[in-house]
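Everything on this sheet refers to the single structure shown next.
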Amino acid sequence: MNPSTAKPVAYTEFHPRWYRPRVSVYWWLGEWRYLRFILRELSSVFVAAFVIATLLGLRALRNGPEAYARFQHRLQSPTAIVLSTISFFFVLFHTITWFNLAPRAMAIRVGGKRLPDFVIAAPNYALWLVVSVAVGWLVLR
Amino acid sequence: MADKIILEIARYSPEQDTNPHFQAYEVPVYKEWVVLDALNYIKDKVDGSLTYRWSCRMGICGSCGMMVNGEPKLTCATFLSSYALRTNKIRLEPLRYFPVVRDLVTELSDFLLKLKKVKPWLIRRDTPPLSEGEYLQTPEQLGSYKQFSMCINCTLCYAACPVVGLDPVFVGPAAIALAQRYNMDNRDQGAAERMAVLAHPEGIWGCTFVGECTRVCPKHVDPAGAIQQYKLRAVLDWMRNLLPQKARPEGGQGESFNR
Amino acid sequence: MSTQKTSNEALLWMLFSAGGVIAAFLVPVHIFLFGLAFPLGWLEAPSYQHLMQLVRMPAVRMYLFLLCSAPLFHWAHRFRYTLYDGLQVKHLNEVIFILCYGGALLGTAVAGYLLWRMA
Chain G
1 MNPSTAKPVA YTEFHPRWYR PRVSVYWWLG EWRYLRFILR ELSSVFVAAF VIATLLGLRA
61 LRNGPEAYAR FQHRLQSPTA IVLSTISFFF VLFHTITWFN LAPRAMAIRV GGKRLPDFVI
121 AAPNYALWLV VSVAVGWLVL R
Chain X
142 MADKIILEIA RYSPEQDTNP HFQAYEVPVY KEWVVLDALN YIKDKVDGSL TYRWSCRMGI
202 CGSCGMMVNG EPKLTCATFL SSYALRTNKI RLEPLRYFPV VRDLVTELSD FLLKLKKVKP
262 WLIRRDTPPL SEGEYLQTPE QLGSYKQFSM CINCTLCYAA CPVVGLDPVF VGPAAIALAQ
322 RYNMDNRDQG AAERMAVLAH PEGIWGCTFV GECTRVCPKH VDPAGAIQQY KLRAVLDWMR
382 NLLPQKARPE GGQGESFNR
Chain U
401 MSTQKTSNEA LLWMLFSAGG VIAAFLVPVH IFLFGLAFPL GWLEAPSYQH LMQLVRMPAV
461 RMYLFLLCSA PLFHWAHRFR YTLYDGLQVK HLNEVIFILC YGGALLGTAV AGYLLWRMA
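Chains as they are written, first to last, in my numbering: chain G, 1 to 141; chain X, 142 to 400; chain U, 401 to 519.
Printed below as a string of structure tokens:
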């Protein structure tokens with residue numbers, strides 16, 4: 001390298017210039033695992049959307065049978081069905097990732113050894129099934 | 142399996158470059174060679190200016206971490222053959238989210254400052270006299286923190302964690318896992334001091350449980366688990382602090398998490 | 401780094417966790433029933449009378465209040481951090497904070513009002 005064409009070294013107080021790349025705003029698209037993480041976080045938006053829909057339903061219930069019938073009818077529109085389907089999958093994604101990750105936060109030791117993750121996750125899944133069936137039964141009775 | 146493979150290595154010289162560029166080297170593939178062997182081959186026989194860190198070559202010193210095809214790995218623990226079967230190129234870059242000093246060498250002083258901040262040593266409020274004998278620790282008590290003590294400070298977890306990249310003030314996985322290692326040690330009485338340092342937005346609360354740190358850790362420390370356990374503990378501490386002094390249950394401030 | 405801020409975060413994370421648990425257990429079946437099974441006719445939708453009968457029970461109102469409130473705080477915390485990290489809009493810290501938790505509080509208030517005045 002010809003010294004006379006070399007760029008002058010930019011020294012900061014005690015060392016030469018480091019290379020410090022900025023993290024791109026699209027960092028989460030760079031890797032499949034990062035994208036999956038962001039999708040998991042975005043599932044919370046669909047949870048919030050469900051709450052809003054439920055509140056609208058409660059308001060319709062309060063306003064009488066015709067109002068509730070109109071609300072039910074709106075839920076049958078193609079847009080609503082598509083949104084419900086997408087929401088359902090995102091919320092399922094939330095449930096599964098939640099139960100799979102929750103054991104990591106709890107270091108429960110029995111007889112000197114830490115309980116494996118599925119021992120804590122499995123009862124959660126079982127309880128989820130029981131609760132879902134119970135809700136369904138209450139509503140459909 | 143081919144008998145040669147190409148290593149595309151990030152080169153950066155602060156005196157000549159503003160940005161890194163890649164340089165390709167062809168190295169032989171032997172079934173027992175790791176990426177570090179290939180780097181040493183290049184430095185010995187091809188290009189002596191290549192700069193990188195390494196030491197023990199057996200996965201215990203934590204010096205040789207770098208990005209291998211976009212994944213943070215210890216080069217002494219990554220076999221050439223596992224890449225040679227699938228591809229004819231390996232891309233080597235310095236660990237992500239750290240400033241680059243030169244070629245594959247990262248600047249670690251920020252990490253070391255964060256490590257020091259969490260006080261990764263046994264803290265005692267009282268020192269019993271020698272006549273009282275040694276501190277006793279059962280195998281179960283050791284078992285409760287042993288996993289976190291396996292950390293070799295290789296900073297692969299920092300290269301994997303997006304929050305480290307997005308928030309330079311975030312303390313980071315290894316530091317919190319090591320804080321938890323001391324918190325869970327029954328000989329330690331410094332849990333409250335560490336809580337004061339870590340229980341704020343740039344400490345444990347900055348973590349959003351991406352989980353990448355645990356996935357890339359070569360010593361299976363599970364820093365993500367350590368952080369979530371720490372969060373639970375912080376919540377319990379917060380609830381305890383809501384109670385007036387006299388009503389607080391035993392073993393709060395200043396005691397180890399593991400009595 | 402005041403102690404005030406540390407205690408806020410612990411409480412907010414606790415709300416996030418509680419909301420996450422409730423959302424994980426209850427929201428899938430609710431979306432399945434009211435968003436898919438009933439509108440598409442897979443299962444017979446409950447009548448207006450039956451639903452009103454259910455909603456009049458105090459226990460059911462408490463359940464619905466929890467179902468509508470806690471997941472909103474879960475969303476608030478998670479979405480706030482997603483905006484910080486995903487879009488790197490840290491400079492809008494305070495605005496995002498108020499919009500997220502304010503939204504959760506507003507939703508909680510609306511749920512409380514609707515369920516209190518249900519019948």
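Positions of the beta carbon are idealized from the N, C-alpha and C atoms, including for glycine.
Note that the structure is predicted; figures quoted are calculated from it, not measured.
Closer than 8 Å to chain U by CB, residue i
i, result
"X/Gln394", "At X/Gln394 the pLDDT is 46, less than 50, meaning the model places this residue with poor confidence and gives no usable figure here."
"X/Val304", "yes"
"X/Ala340", "yes"
"G/Arg70", "no"
"X/Leu135", "Absent from the structure is residue 135 of chain X, since the part of chain X shown begins at 142 and ends at 400."
"X/Leu307", "yes"
"G/Glu31", "no"
Residue closest to residue i, alpha-carbon to alpha-carbon, out of the options
i, options, result
"X/Lys115", "X/Lys145, X/Ile317 and X/Glu173", "No answer is possible for residue 115 of chain X: it lies beyond the span of chain X, which begins at 142 and ends at 400."
"X/Met325", "G/Ala107, G/Ile38 and G/Thr54", "G/Ala107"
"G/Gly64", "U/Val429, U/Cys468 and U/Leu451", "U/Leu451"
"X/Met291", "X/Cys202, X/Gly347 and X/Ile183", "X/Cys202"
"G/Ala131", "U/Trp413, U/Leu426 and U/Leu466", "A quick correction: the sequence has Val, not Ala, at residue 131 of chain G. Closest option to G/Val131, Cα to Cα, is U/Leu426."
"X/Thr349", "X/Ala365, X/Arg356 and X/Glu248", "X/Ala365"
"X/Gln288", "X/Ala337, X/Leu249 and X/Lys360", "X/Lys360"
"X/Phe239", "X/Leu253, X/Ala340 and X/Arg232", "X/Leu253"
"G/Pro103", "G/Thr95, G/Val91 and G/Pro116", "G/Pro116"
"G/Gln72", "U/Leu415, U/Ala418, U/Ala437 and U/Glu409", "U/Ala437"
"U/Trp520", "G/Thr79, G/Arg62 and G/Leu83", "Beyond the ends of chain U as shown, which are 401 and 519, falls residue 520 of chain U; an answer cannot be given."
"X/Gly200", "X/Arg356, X/Asn294 and X/Ile368", "X/Asn294"
"X/Gly352", "G/Arg17, G/Glu41 and G/Pro21", "G/Glu41"
"X/Lys307", "U/Ala445, U/Leu505, U/Glu494 and U/Leu487", "The amino acid at residue 307 of chain X is misidentified as Lys; the sequence shows Leu. That would be U/Leu487, whose Cα lies nearest to the Cα of X/Leu307."
"X/Ala340", "X/Tyr323, X/Val357 and X/Ile368", "X/Ile368"
"G/Gly30", "X/Lys172, X/Tyr182, X/Met380 and X/Gly211", "X/Gly211"
CB contact check: residue i to chain G, cutoff 8 Å
i, result
"U/Pro428", "yes"
"X/Gly189", "no"
"U/Pro471", "yes"
"U/Arg456", "no"
"U/Leu487", "yes"
"U/Ala459", "no"
"X/Glu156", "yes"
"U/Met462", "no"
"U/Ile496", "no"
"U/Gly502", "no"
"X/Ala337", "no"
Residues that residue i contacts on chain C, provided the C-beta gap is smaller than 8 Å
i, result
"X/Ser290", "Structure shown: chain C not included; protein chains present are G, X and U."
Residue-level contact to chain X via CB, residue i, 8 Å cutoff
i, result
"G/Trp27", "yes"
"G/Pro116", "no"
"U/Ala410", "yes"
"G/Tyr34", "yes"
"G/Phe37", "yes"
"U/Trp413", "yes"
"U/Tyr386", "Outside the displayed range of chain U (401 to 519) lies residue 386 of chain U, so it cannot be described from this structure."
C-beta contact flag for residue i and residue j at 8 Å
i, j, result
"X/Val176", "X/Leu236", "no"
"X/Leu109", "X/Asp244", "Nothing about residue 109 of chain X can be read from this structure; chain X reaches only from 142 to 400."
"G/Ala121", "G/Phe93", "no"
"U/Asp485", "X/Val241", "no"
"X/Leu148", "X/Leu233", "yes"
"U/Glu473", "U/Leu415", "The sequence given here has Phe at residue 473 of chain U, not Glu. Cβ distance < 8 Å, so U/Phe473 and U/Leu415 count as in contact."
"X/Arg266", "X/Gln321", "no"
"G/Val51", "U/Ile431", "no"
"X/Arg194", "X/Val259", "no"
"G/Ile81", "U/Leu443", "no"
"G/Phe46", "U/Pro428", "no"
"G/Tyr34", "G/Trp27", "yes"
*Given 8 Å as the limit, is there contact between the segment 382–391 of chain X and the segment 301–316 of chain X, that is, 3 or more CB pairs closer than that?*
With a cut-off of 8 Å, the segment 301–316 of chain X and the segment 382–391 of chain X do not count as touching, because too few Cβ pairs lie within range.
*Is the segment 366–377 of chain X touching the segment 292–311 of chain X in the sense that three or more CB pairs, one from each, lie closer than 8 Å?*
Judged by Cβ distances under 8 Å, the segment 292–311 of chain X makes no contact with the segment 366–377 of chain X, as fewer than three pairs qualify.
_Near-chain X residues of the segment 89–109 of chain G (beta-carbon distance less than 8 Å), N- to C-terminal order_ = Contact residues of the segment 89–109 of chain G toward chain X are Leu101, Arg104, Ala105, Met106, Ala107 and Arg109 (C-beta to C-beta distance below 8 Å).
*Touching or not, the segment 170–190 of chain X and the segment 210–219 of chain X, by the rule of three or more beta carbon pairs under 8 Å?*
A contact exists between the segment 170–190 of chain X and the segment 210–219 of chain X.
_Residues of the segment 367–380 of chain X whose Cβ lies closer than 7 Å to any Cβ of chain U, in chain order_ = Taking a C-beta cut-off of 7 Å against chain U, the contacting residues of the segment 367–380 of chain X are Lys372, Ala375, Val376 and Trp379, listed in chain order.
*Quick one, which residues of the segment 342–362 of chain X are near chain G if we go by CB-CB under 9 Å, in chain order?*
Those would be Thr349, Phe350, Val351, Gly352, Glu353, Thr355 and Arg356, in chain order.
*Which residues, taken in chain order from the segment 10–24 of chain G, show a beta carbon closer than 7 Å to some beta carbon of chain X?*
Taking 7 Å as the Cβ-Cβ cut-off against chain X, the residues of the segment 10–24 of chain G that qualify are Pro16, Arg17, Trp18, Tyr19, Arg20 and Val23.
_Given 8 Å, three or more beta-carbon pairs between the segment 456–475 of chain U and the segment 505–513 of chain U_ = A contact exists between the segment 456–475 of chain U and the segment 505–513 of chain U.
*Contact set between the segment 44–55 of chain G and chain U, restricted to residues whose Cβ is under 8 Å from the partner*: Of all residues in the segment 44–55 of chain G, only Ser44, Val45, Val47, Ala48, Phe50, Val51, Ile52, Ala53, Thr54 and Leu55 come within less than 8 Å of chain U when Cβ atoms are compared, listed by chain position.
_Which residues of the segment 473–485 of chain U have a Cβ closer than 9 Å to any Cβ of chain X? Give them in chain order._
Of all residues in the segment 473–485 of chain U, Arg478, Tyr481, Thr482, Tyr484 and Asp485 have a Cβ within less than 9 Å of some Cβ in chain X.
*Which residues, in chain order, does the segment 312–330 of chain X contribute to contact with chain G at a C-beta distance below 8 Å?*
Contact annotation: in the segment 312–330 of chain X, no residue has its CB less than 8 Å from a CB in chain G.
*In the segment 427–447 of chain U, which residues sit with their C-beta less than 8 Å from some C-beta in chain G, listed in chain order?*
Going along the segment 427–447 of chain U in chain order, one finds Val427, Pro428, Val429, His430, Ile431, Phe432, Leu433, Phe434, Gly435, Leu436, Phe438, Pro439, Leu440, Leu443, Glu444, Ala445 and Pro446 with a Cβ nearer than 8 Å to chain G.
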